[in-house]
Amino acid sequence: MRAEPVQQRSTERITNLLDAAADLIDEHGIDGLTTSDVATRSGSSVGVVYRYFPNIQSLLRALAARNMERFTERVAQATDAETTSLHATLDETINAYLALARTEPGFRA
Numbered sequence: 647m648r649a650e651p652v653q654q655r656s657t658e659r660i661t662n663l664l665d666a667a668a669d670l671i672d673e674h675g676i677d678g679l680t681t682s683d684v685a686t687r688s689g690s691s692v693g694v695v696y697r698y699f700p701n702i703q704s705l706l707r708a709l710a711a712r713n714m715e716r717f718t719e720r721v722a723q724a725t726d727a728e729t730t731s732l733h734a735t736l737d738e739t740i741n742a743y744l745a746l747a748r749t750e751p752g753f754r755a
C-alpha cells in the first residue's frame, strides 16, 4: 500500500476500494479488474485509488491479505487449541473456507 491510512475516513475509503474490487472480481473476474472501474464502483476518483495502491496488483494483494485475515479470524474463533482434536480443527478450517467462499465477494478468486 502506498499510503497508510491515519484517519478513520481514510480507513473507510480503503475498505470501500477493496469492497468495490471484490464485487468487480465476482462480476468480471480478476483479469477484468481495472482501477477506473474500482474508482467508479467505490464512488472515488482514479487518483484516490492510486493514492493508496500504485497499481492493480498492489490492490489485489491488499484484498488477498484482507481475505486471509478474515479467514484466519474465523478459524481462530471456531477452534480451541486445548480442546479441539486435529480432525475437528481441520473440519472447522474447511467450514470457514467454504463459508467465506460462499459469502465473501472476491474470496474465491
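Residue numbering for the sequence shown follows our numbering, beginning at 647 and increasing consecutively. Don't be surprised by glycine CBs; every beta carbon is placed ideally from N, CA and C. Everything numeric in this text was worked out from a predicted model, so none of it was measured.
By the three-class DSSP mapping on this structure, what secondary structure does Ser690 have? coil
Gly752, buried or exposed, once every other Cβ within 10 Å from all chains shown has been counted against 16: buried
In angstroms, rounded to a whole number, what distance separates the CA positions of Arg655 and Ala745? 29 Å
Inter-residue Cα distance where the pair is Val684 and Glu719: 26 Å
Whole-angstrom distance between Tyr743 and Ala667, CA atom to CA atom: Using only the alpha carbons, I get a separation of about 20 Å.
CB-CB under 8 Å to Asp672, same chain, minus the five flanking residues each way: which ones, in chain order? Pro751, Gly752 and Ala755
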